[in-house]
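Chains A, B, C, D, E and F, in that order, are what the protein sequence lines are. So the first sequence is numbered by this note's numbering: it starts at 37 and just counts up by one. So the second sequence is numbered by this note's numbering: it starts at 37 and just counts up by one. So the third sequence is numbered by this note's numbering: it starts at 37 and just counts up by one. So the fourth sequence is numbered by this note's numbering: it starts at 37 and just counts up by one. So the fifth sequence is numbered by this note's numbering: it starts at 37 and just counts up by one. So the sixth sequence is numbered by this note's numbering: it starts at 37 and just counts up by one.
There are 6 protein chains.
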Amino acid sequence: MQLLLSTWAEAEAYLKTSKGIILPIGSTEQHGPNGLIGTDALCAEVIARGVGDATGAMVGPTIPVGMAVHHMEFAGSMTLKPSTLIALLRDYVLSLSEHGFQRFFFVNGHGGNIASVRAAFYEIYAENRALRGKDAPDLRCTLVNWWENAEVSRLSKELFGNKEGSHATPSEVSVTQYAFPDSIKTTAMEPETAAAGGFYDARDFRRRHPDGRIGSAPGLARPEHGQRLVEAAVGAISRQYESFLGEA
Amino acid sequence: MQLLLSTWAEAEAYLKTSKGIILPIGSTEQHGPNGLIGTDALCAEVIARGVGDATGAMVGPTIPVGMAVHHMEFAGSMTLKPSTLIALLRDYVLSLSEHGFQRFFFVNGHGGNIASVRAAFYEIYAENRALRGKDAPDLRCTLVNWWENAEVSRLSKELFGNKEGSHATPSEVSVTQYAFPDSIKTTAMEPETAAAGGFYDARDFRRRHPDGRIGSAPGLARPEHGQRLVEAAVGAISRQYESFLGEA
Amino acid sequence: MQLLLSTWAEAEAYLKTSKGIILPIGSTEQHGPNGLIGTDALCAEVIARGVGDATGAMVGPTIPVGMAVHHMEFAGSMTLKPSTLIALLRDYVLSLSEHGFQRFFFVNGHGGNIASVRAAFYEIYAENRALRGKDAPDLRCTLVNWWENAEVSRLSKELFGNKEGSHATPSEVSVTQYAFPDSIKTTAMEPETAAAGGFYDARDFRRRHPDGRIGSAPGLARPEHGQRLVEAAVGAISRQYESFLGEA
Amino acid sequence: MQLLLSTWAEAEAYLKTSKGIILPIGSTEQHGPNGLIGTDALCAEVIARGVGDATGAMVGPTIPVGMAVHHMEFAGSMTLKPSTLIALLRDYVLSLSEHGFQRFFFVNGHGGNIASVRAAFYEIYAENRALRGKDAPDLRCTLVNWWENAEVSRLSKELFGNKEGSHATPSEVSVTQYAFPDSIKTTAMEPETAAAGGFYDARDFRRRHPDGRIGSAPGLARPEHGQRLVEAAVGAISRQYESFLGEA
Amino acid sequence: MQLLLSTWAEAEAYLKTSKGIILPIGSTEQHGPNGLIGTDALCAEVIARGVGDATGAMVGPTIPVGMAVHHMEFAGSMTLKPSTLIALLRDYVLSLSEHGFQRFFFVNGHGGNIASVRAAFYEIYAENRALRGKDAPDLRCTLVNWWENAEVSRLSKELFGNKEGSHATPSEVSVTQYAFPDSIKTTAMEPETAAAGGFYDARDFRRRHPDGRIGSAPGLARPEHGQRLVEAAVGAISRQYESFLGEA
Amino acid sequence: MQLLLSTWAEAEAYLKTSKGIILPIGSTEQHGPNGLIGTDALCAEVIARGVGDATGAMVGPTIPVGMAVHHMEFAGSMTLKPSTLIALLRDYVLSLSEHGFQRFFFVNGHGGNIASVRAAFYEIYAENRALRGKDAPDLRCTLVNWWENAEVSRLSKELFGNKEGSHATPSEVSVTQYAFPDSIKTTAMEPETAAAGGFYDARDFRRRHPDGRIGSAPGLARPEHGQRLVEAAVGAISRQYESFLGEA
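Here it is as structure tokens:
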């Protein structure tokens, strides 16, 4: 059930059955030679909607632009400053909580968001406590990265072994190829598998990872792999969501 | 050309041909008994993409949640505070400007965004000037409301006459019915045409407009009307975009 | 009744009779060759005080500096960033609301303020709701531009026809000539009527409108015209104020 | 020379002769039984303009609302939060500095502003340094309280002895009686001289100082005393201003 | 070499030999029945200073209060909101960078800080880029948790096995017992090993972990264990610091 | 009693006996040729702890970095922007107030902090009032500078006469020599007593006071003087603290 495709009366009815909502969060940033700039947003969205379909959960609008300061030397990358992303998440959660939502389950497509999102959770808890005092609702926020579960890890390893890497991975590119088959890009890459390694700021990232990939061979991406990855992710994350709702 | 569906190399190539980008902005808020909560975001997105197709312009990610403080008494509505929306827009435009984008054309789906977006433009100009001094790029931002042009006005009037109203209008509902035919809602409404009139804050809005509509009869919405409206809007706004790029 | 010229006991007594307050807001920015930098603040103040005299309303202190980022290439112009202006307005309204003021009627002298002021209204409503919950007072804010009413429009047209323009207009210059007869400037202008047209940021404004005027012939300003304009504005806006207070 | 009553060309000409500007800052807050709510703003303004006349300095718009959190239990008092006042002052000074102003001389009417204004000076210096780097102009800000100079102290003592007190003083009330003779209030006060003493927040202030005065006997105020005080202040502060401009 | 115990001339001399600085960051929050409220700050400080002694690195002042929103139901806990901590870290790093420091090595004592600190790094990179443009220095920030290295992990396991837990651990309590032998607390705890498990906000934390411990048996803490843990941590982290400085 | 060396149960017990807490605040900034960069933090800490010992008061963690924008031309100086320091203090006081602390006694080591700290007090009072309404606890904050009391003034004068100066004073250097005897620096200074005088921003400070001292002869500092100064300060400030707690 998508919030954007519901009426307010449907949202009101849903809230009588559940206090949970799934919020996809991605990024708009370079993903190497054949990865889409929207990869992280698109992956989070397709998987979150799958989880919504599987569990009956409400799925909110996707946050398309996240924290991508380190990608800013590559054309087309967009970023919120961490402080802006925190403010945005605070407004999202606190406004939804006015209607009775209390369980906020973020499905994340971008490792670079994790710190800011987790920081935001505590900004939210602090505001909820400060503004609402003893009557504050019991808000709970959690973040799952779509690729961090046993099912997806196993499948990524099976499909791509040590060529998965950590940015512009064949797994995430496969997911977008499956979901957006009209936007599959075929680009020669040299070397097939990019160098791995960390980075600091945007200039440092570009210097170390000149075509944008980190440790990955996204030329191996295939839409049929993407389909399997989506299915694995939806299955695993649906169980995580149910478990989250069921916590005491 | 959608930014989310492009690679960074494609974005870089695009920037050699144009400094313009289209940014759809909507809202996630109640739209009356049969209107989707995502109406404003969905309308802005479908029309902006149409303009992108017609003009070859790059279309960035849709801003799904806008300024909807006054809708917060209806379940499912989300809002950014104006100050958060301004910060978000500043980050969007300034990060895109790092790559060379200089013409920012917002296609807006929600009247409630206008003030914050226009305020943001001056926040952006001030920051651009403060941070970059004499070398500041010549940034230009503009906002068009998809329904504010002669073609769409004429067609809305032809289709709905004085039952168009100003919120949860049959025009915008028609557009979403056309674009999302699986999400057409059929809801009885009483009276057919809601009372018109202004409002102040969220409680006042609910008091005056108890089912969320303002002056409108969205029961008249039809997907085929939506198609015509989209075509009219795309035509008119494509010309506005070309004109914006062509300004001295 | 001016707040600055009242004692706190008088303010307390006033609040037993009315919850309304008029707040003039202007700008400190260039107004062409013969317009005063304070034009917008001075016009808003003189007219707001006239409305206060006519209606018995409390008139608060004038906000002299507004949002004038686009005028910063002309000496003497001052500006608040939109985000600062929003913070200021939030503090003004929320502090007055602690005493029981609930109807905030801004008399505006500067088109450039409109977006930030309207954005501020929703920032205020959001804060009022967040901080005060179910007990929040019913705050209502509105903005009127002194020149946007039938009486003033008609008179401006009668006096100046299509030489009124949109910045540094003969109407506003006339008002300041009437109110500050010792500060009438006589400056040759070439051409008599400046070119019309829009603008983006400060550099763009200066490039398009090199002497600061937009579409206007302020050489036609006369103090006696100013007197008539003030009278027309006071009459029209007094009715708007009464109507605002009388709303259900 | 008042900025509000000048044209931009006059401001530009002035800047060829001086980099200095005087900025009056007051407060809108209760001033006891017979003191005007605008006392601090009005005193600062009349004296600052006198200094401008005496020295030929440019005088900017008065900041009418300052930091008066502790007065909020008295009707009609308005306040900016310290953080808002700091943002406002930063915008004032940085925008004026774009035109070449470099010496900012604040004439203050309210003790409660001092901390926030001095904090703002360092916020400004930090921003100037951060934004403009090695080319940053040499900005200098100073604050003078109109009553803190030998001439005014001597005269206050001569006129009111130990009945001057520290808030709603006969001196400041006299100044407003002189400047606004139509707004002289005659109110019985019991006791003639209020109790002295400190305070913490607004509730504490009201508890300790129930009619708003601190240690003062403002019933002794007379317009003719006000005239002498203004003259003394203008003389002393004019010398301070000249000295400020003349510093190496 | 401690910054607080150096003169500015010594700091200047140091900067000719190294661009690195170590910044301890802790928290002021409950640490169970026998743990000190300052545990995280004290551990970070003692270990960071040990690393400074071992490597000759400059060690800056300890950040004593971190992000502890979730501990606020226990007396004496203090917290910065994440947004405040980010602002603080931005100011720390950017002000140190003005002198030439470029490598910022945070030794962290509190898991709850990680998200906000990592978010801050990108806020800093973004500001450095925005403010300083092409001439921005190559700033690099990293965070190490003193307990997350092979040496400390091995020793904790050897000493406490599965009674280490994750908050108010016997390891951290041992470190403070070693460093502050006069402040060793002996408190009966029931059960010896607290229940493990996650938490959301402060109320939820207290509900799940009523005496403040998570999965730990801090009654096992001993000063002599603390000594060994400090030595292990200093050794491991000194190598991490050297490696950080040595990165290309 | 140090908060960092207490358990939460001890803090809870303390709160049954007192609502007071002492918070040392210093700065990390140049202190001339032989003064430690940490002078202000170290002096505030040693004296605050002495007061805690003498009165039984709880002493919180020292704020080591304050407002030192004007020292940024000297290596090793760190600063918070005033707005950041205000946010930090707000979080400190409001989080402590959640446990029942209501009397906040800041022992300050740095004149440059005064304005920001005092501004913060009103930011805190405003937030307390806004967030907590009629139930807001009666928070009281005060600041004492350790050198501003009759005992210390008298002793400084006796020891150093007119060579005390106002920055990098022999008194404060003596205190750190007493407290940190291993960090006594012996540096030739020319002239013995530095020139006095004010300053504006960081560049101006360095230009006027090239070795960092203002009007002082810190070569006269001796640890035995420091001991006497600490004793004098502890005695005087302990009485101030008791008096603060005892106020009606």
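A virtual CB, placed ideally from N, CA and C, is assigned to each residue, including glycine.
In the DSSP assignment, residue 203 (chain C) is bridged to C:250.
If you draw a straight line from the Cα of residue 201 (chain D) to the Cα of residue 68 (chain D), it comes to about 12 Å.
Below 8 Å, enough C-beta pairs join the segment 48-63 of chain F and the segment 88-99 of chain F to call them touching: three or more. Using a C-beta cut-off of 8 Å, the segment 253-269 of chain D makes contact with the segment 174-193 of chain D, since at least three inter-stretch Cβ pairs fall below that distance. Around the beta-carbon of residue 81 (chain A), 16 or more other beta-carbon atoms lie within 10 Å, marking it buried. Take residue 244 (chain E), set aside five residues on each side of it, and the residues of its chain with a beta-carbon closer than 7 Å to its own are 233 and 235, in chain order.
By the rule that beta-carbons nearer than 7 Å mark a contact, residue 167 (chain C) touches chain F. Looking at the DSSP output, residue 176 (chain C) shares a beta bridge with C:139. Within the segment 52-69 of chain A, the residues whose Cβ lies closer than 7 Å to any Cβ of chain B are, in chain order, 64, 66 and 69.
At a cut-off of 7 Å between beta-carbon atoms, residue 91 (chain D) makes no contact with chain C.
Taking a Cβ-Cβ cut-off of 8 Å, the neighbours of residue 238 (chain D) in chain F comprise 161 and 165, given in sequence order. By the C-beta density criterion, residue 170 (chain F) is exposed, having fewer than 16 other C-beta atoms within 10 angstroms. Taking a contact as a CB-CB distance under 8 Å, the pair residue 123 (chain D) and residue 64 (chain C) does not count as one, their CB atoms being some 17 Å apart.
Contact of residue 73 (chain B) with chain C is not assigned, every C-beta pair being separated by 7 Å or more.
Put simply, the backbone Cα of residue 142 (chain D) is about 11 Å away from that of residue 157 (chain D).
Selection B:276, B:70 and B:249 evaluated against residue 87 (chain B) yields B:276 as nearest (Cα-Cα).
Looking at C:260, C:117, C:145 and C:114, the one whose alpha-carbon comes closest to that of residue 62 (chain C) is C:145.
Look at the beta carbons and you see the segment 240-260 of chain F touching the segment 220-228 of chain F: at least three pairs across the two are nearer than 8 Å. With contacts defined by Cβ atoms closer than 7 Å, residue 105 (chain E) and residue 230 (chain A) do not form a contacting pair. Residue 83 (chain C): not part of any beta strand (DSSP E); member of the alpha helix (DSSP H) spanning 75-91, first to last residue. In this structure residue 172 (chain A) does not touch residue 185 (chain A) by the C-beta definition: roughly 31 Å separates them, more than the 8 Å allowed. Shown here for residue 153 (chain B): same chain residues with a beta carbon closer than 8 Å to its own, the five before and five after excluded, namely 61, 121, 125, 142, 144 and 179 in chain order. The C-beta distance from residue 43 (chain F) to residue 77 (chain F) rounds to 25 Å, too long to meet the 8 Å contact threshold.
Within the same chain, Cβ atoms closer than 7 Å to the Cβ of residue 199 (chain E) are found at 206, 229, 252, 253 and 256, the five residues on either side in sequence being excluded. At a cut-off of 7 Å between C-beta atoms, residue 118 (chain E) counts as an interface residue with respect to chain A. The beta carbons of residue 131 (chain C) and residue 114 (chain D) sit closer together than 7 Å. Within the segment 90-115 of chain A, the residues whose Cβ lies closer than 9 Å to some Cβ of chain B are 94, 96, 97, 98, 99, 100, 101, 104, 105, 107, 108, 109, 110, 111, 112, 113, 114 and 115, listed in chain order. In the three-state reduction of the DSSP assignment, residue 227 (chain C) falls in the coil class, being assigned neither a helical nor a strand state. In this structure residue 204 (chain D) does not touch residue 242 (chain D) by the C-beta definition: roughly 14 Å separates them, more than the 8 Å allowed.
Residue 158 (chain C) has a beta carbon lying within less than 7 Å of a beta carbon in chain B. Along the segment 214-225 of chain A, there is no position whose C-beta sits under 7 Å from a C-beta of chain E. Assigned with DSSP and collapsed to three states, residue 153 (chain D) falls in helix. Cβ-Cβ distances below 7 Å link residue 66 (chain A) to 73, 107, 110, 112, 113 and 248 in the same chain, with the five nearest sequence neighbours on each side left out; the list follows chain order. Scanning its chain for C-beta atoms nearer than 8 Å, with the 5 sequence neighbours on each side dropped, one finds around residue 216 (chain B) the residues 72 and 78, in chain order.
Taking a C-beta distance under 7 Å as the contact criterion, residue 40 (chain C) and residue 139 (chain C) do not qualify as a contact pair. When C-alpha distances from residue 272 (chain A) are compared across A:227, A:283, A:47 and A:181, the shortest belongs to A:181.
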